[in-house]
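In what follows, a structure is listed as structure tokens, so that the remarks can point back to it.
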Amino acid sequence: MTHDNSDQRAKWGSQMEYYLCTIGYAVGFGSLWRFPYLVYANGGGAFLFPYLVCFFIMGVPIFYLESALGQMFQEGIAKCFEKIRKAFRGIGVAPVIMCYFIATFYNLFLAYGFIFLWDSFSYPLPWKVENPINGKLWDEKYFYNEVLEITDNMLNIGGFNSKVIIGSIVSFIFVYICIIKGIKTSGKVAYVTALAPYVLLFILLLRGLFLDGAIEGIGYLFTVDWSKVWTTEIWFKAASQVLFQLSVGFGTLIAFSSYKHQSEPILHSAIVLPTANVLTGFLCAFTVFTYMGHMAWVGGVEIHELPLAGPDLVFTAYPAALTLIPFSNFWSVLFFIMIFFLGIDSEFALLETVASHFEDEKLTFFGKKLPMEIVRLILTVALFVSGFILYTRAGFYYFPFYDTYSIDVPVTVNTAIECYVITWVYGWDKLGAMIQEHTGEIVPPYIVIMTKYACIPMLLFLAAGAILNQFVQLFSLPWWFAIIGFLLTALPLLQLWYNYSKYKDEPTVKDDAEKPLIELSDYHE
303 MTHDNSDQRA KWGSQMEYYL CTIGYAVGFG SLWRFPYLVY ANGGGAFLFP
353 YLVCFFIMGV PIFYLESALG QMFQEGIAKC FEKIRKAFRG IGVAPVIMCY
403 FIATFYNLFL AYGFIFLWDS FSYPLPWKVE NPINGKLWDE KYFYNEVLEI
453 TDNMLNIGGF NSKVIIGSIV SFIFVYICII KGIKTSGKVA YVTALAPYVL
503 LFILLLRGLF LDGAIEGIGY LFTVDWSKVW TTEIWFKAAS QVLFQLSVGF
553 GTLIAFSSYK HQSEPILHSA IVLPTANVLT GFLCAFTVFT YMGHMAWVGG
603 VEIHELPLAG PDLVFTAYPA ALTLIPFSNF WSVLFFIMIF FLGIDSEFAL
653 LETVASHFED EKLTFFGKKL PMEIVRLILT VALFVSGFIL YTRAGFYYFP
703 FYDTYSIDVP VTVNTAIECY VITWVYGWDK LGAMIQEHTG EIVPPYIVIM
753 TKYACIPMLL FLAAGAILNQ FVQLFSLPWW FAIIGFLLTA LPLLQLWYNY
803 SKYKDEPTVK DDAEKPLIEL SDYHE
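To get my numbering, take the position in the sequence shown, counting from 1, and add 302.
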């Protein structure tokens, strides 16, 4: 990372740092539990058809779009959209709010992972089932009763869970150390935190392949049910998974790309990084289902009888599978260290996005600019305090509520608006001209066509589905909970309207991008 003066934007120490931080950010718990489960539950290999279609139609083009925007404008998220027009500033503020929300509850899983890691040094493993009944080799009671100390419903708060609080504090300390100097520290830390999960996953996979039932487990994962391909539900889930697995729409890709030099290639990373992300999902799926196949074989049960959805896969099924092999404590320690590395990369990327936004605003205290370390310390403490309800014994109930209402609708709506503003209002002719001037690359026609004509309707389709899902869930919630959910959804979107109303009469910020070097027709030459 280099600095010429205090106002010059930081730069990655090397292209590898950018690659590792971006992969580490995108590859998180969603790759470990959501992708394998979606493949398994939605027609096996049949799910891969809509998934790959959505990957090429929406995933890669938006990834390229956001990477190009940050790299060419060399600004944080909000500042990028201010350069297009100040009234569009809100398009960059909305992802900052969403990243704050995600970072608040994402840290919860790091806390759970720390508790499991600590208990992995106990012998025998405390979640091991000594006398299985009817082939049931897993124990939900350890996770729900011992770790979560969960109450009977979300209205029964039950007081604070001291273990979760301690785990959260420890994880936030690690995260703060990673981001204390911005990408100067996070870029170096990524050499360990981004690469270690792959090493550990390969080790776990190789061990798992030698277990009885492993091959059957992988085969079961990819059993094809072609009848599901033609349902609307599978396309909705495939498109959602692509959006969240590549982590587009949250502003972090724009922020990370703004730390690159303008002359660096864009197309290469926009192909390599999403592809690496998808392949990681497959690696996770293979690894998970080798152990699920073995657990089903040992217990004499069908794989679909195992707890395979969401956090239960990571904190119930997988730990149970590890108890069935020799040296289970060693494998358990290895697994939860991997969980830590998977989570911390995503967490510090989220905090980096939020922190960089406030630093771009050049916040002052009594007329003096706040140092980076102080801004990030305040943010870390604020995130910890914001998650107080999650540290209670009812906290686990609030995770899906928080996740659904604060993310699903805002990210799809805001990303659709982002694509429209960049491709139709600002135009590929201007952005493409900057890309050609600084990198020598011509934007592929495929990227132009997809972002202008395919991504926007697909994102609106996702938004409609998310709105319908929220509406249905409202009937199962107390009225005051429904209001909180509405506010979580509305907050990122209301400031779009606020910023547009406030700045709509201000002129566009003038810069070199206002002078097109090439026309859109040149992309076809």
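Note that the Cβ used here is the ideal one computed from N, Cα and C, for glycine as well.
On a predicted model such as this, the values are computed, not experimentally measured, just so you know.
Residue from the options with nearest C-alpha to residue i
i           : options            : result
residue 682 : 616, 657, 696      : 657
residue 690 : 734, 611, 406, 341 : 406
residue 758 : 695, 781, 721      : 721
residue 370 : 685, 640, 563      : 563
residue 638 : 384, 346, 622, 530 : 622
residue 361 : 311, 530, 546      : 546
residue 582 : 629, 497, 559      : 497
residue 348 : 554, 532, 644      : 532
residue 797 : 400, 332, 514, 511 : 400
residue 341 : 404, 541, 551      : 541
residue 337 : 591, 701, 697, 746 : 591
residue 465 : 539, 421, 488      : 421
residue 463 : 512, 741, 692      : 692
residue 357 : 571, 543, 614, 661 : 543
residue 363 : 551, 749, 761, 793 : 749
residue 804 : 390, 375, 455, 734 : 390
residue 484 : 677, 607, 565, 519 : 677
residue 795 : 770, 779, 711      : 711
residue 453 : 768, 700, 397, 723 : 700
Inter-residue CB distance, residue i and residue j (contact presumed, cutoff 8 Å)
i           : j           : result
residue 325 : residue 631 : Residue 325 to residue 631, Cβ: 30 Å. No contact.
residue 618 : residue 445 : 5 Å
residue 808 : residue 388 : 5 Å
residue 488 : residue 412 : Incorrect: roughly 16 Å between the Cβ atoms, too far for contact.
residue 499 : residue 643 : 5 Å
residue 404 : residue 394 : Actually they do not touch by this definition, with Cβ atoms about 16 Å apart.
Exposure of residue i, with buried meaning 16 or more beta-carbon neighbours within 10 Å
i           : result
residue 527 : exposed
residue 596 : buried
residue 788 : exposed
residue 659 : buried
residue 425 : exposed
residue 318 : exposed
residue 800 : exposed
residue 409 : buried
residue 437 : exposed
residue 495 : buried
residue 755 : exposed
residue 647 : buried
residue 430 : buried
residue 367 : buried
residue 316 : exposed
residue 458 : exposed
residue 628 : exposed
residue 529 : exposed
residue 670 : exposed
residue 650 : buried
Which residues DSSP lists as bridging residue i, in chain order
i           : result
residue 445 : Partner(s): none; residue 445 has no beta bridge.
residue 381 : Residue 381 is not bridged to any residue.
residue 435 : 438
residue 562 : Residue 562 pairs with nothing; no bridge assigned.
residue 694 : 462
residue 539 : BP columns for residue 539 are empty, so no partner.
Straight-line Cα distance separating residue j from residue i
i           : j           : result
residue 718 : residue 736 : 23 Å
residue 493 : residue 322 : 7 Å
residue 680 : residue 674 : 10 Å
residue 587 : residue 806 : 48 Å
residue 653 : residue 402 : 7 Å
residue 382 : residue 352 : 32 Å
residue 830 : residue 728 : What the structure shows of the chain is the stretch from 303 to 827, and residue 830 is not part of that stretch, so it cannot be assessed.
residue 320 : residue 314 : 6 Å
residue 751 : residue 423 : 54 Å
residue 706 : residue 772 : 8 Å
residue 460 : residue 688 : 18 Å
residue 567 : residue 741 : 6 Å
residue 817 : residue 732 : Caution is warranted here: a pLDDT of 43 is assigned to residue 817, below 50, making its placement in the model unreliable, and the coordinate value is therefore given only provisionally. Between residue 817 and residue 732, the C-alpha separation is close to 7 Å.
residue 708 : residue 698 : 16 Å
residue 560 : residue 664 : 17 Å
residue 455 : residue 703 : 13 Å
residue 558 : residue 372 : 7 Å
residue 432 : residue 441 : 10 Å
residue 753 : residue 435 : 54 Å
residue 608 : residue 593 : 11 Å
residue 480 : residue 661 : 17 Å
residue 327 : residue 549 : 8 Å
residue 635 : residue 522 : 27 Å
8 Å Cβ cutoff, residue i in contact with chain D
i           : result
residue 407 : In the structure shown, chain D cannot be found, because there is only a single protein chain.
Check: residue i C-beta below 7 Å from any heavy atom of the ligand SAM
i           : result
residue 796 : With respect to the ligand SAM, the structure offers nothing, as it holds no ligand at all.
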